[in-house]
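Visitor: Here it is: the structure, laid out below.
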Amino acid sequence: MDRQELEAALREQFGDEDDLAAVVARQARDLADARQFEADFDDELTVETVVRNLRDAPEDYSLVERWNWWLGALDLSHGGYARFSVRPDVDTRS
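Here it is as structure tokens:
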């Protein structure tokens, strides 16, 4: 999965006032590199997969809340996904 492609898709789909799309895209890339999603679902993690699942989150959720909501569901069903979550107070400058 291309991190920059995902970042652009996240910005387009969900907006991004605080530049958190880059943070979520980085975590998604780390998740893809870990191959945990691939092992659990016998499918590779794609930009489309991430965007589709984040769209399922409650409408009033921010991008980070959507990402953490989806990872929470994955963690409940399969375990081991919490490490890819994003803290809401993340510093986007580092």
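Here my numbering is used: the first residue of the sequence shown is 3, the next is one more, and so on.
Ideal Cβ placement from N, Cα and C applies to all residues, glycine included.
Quick check on DSSP: helix, strand or coil for Thr51?
Guide: helix
Visitor: Residues in its own chain within less than 8 Å of Glu46 by CB, not counting five upstream and five downstream?
Guide: Met3, Ala34, Phe39, Glu40
Visitor: Check whether the Cβ atoms of Gln15 and Val53 lie closer than 7 Å to each other.
Guide: yes
Visitor: Cβ of Asp66 within 7 Å of Cβ of Glu7?
Guide: The identity of residue 66 in the sequence shown is Val, whereas the question assumes Asp. Their beta carbons are not under 7 Å apart, which means Val66 does not touch Glu7 by this criterion.
Visitor: With distances taken between CB atoms, is the gap from Arg5 to Ala27 smaller than 7 Å?
Guide: yes
Visitor: Straight-line CA distance for Leu76 to Leu56?
Guide: For Leu76 and Leu56, the gap between their C-alpha atoms comes out near 12 Å.
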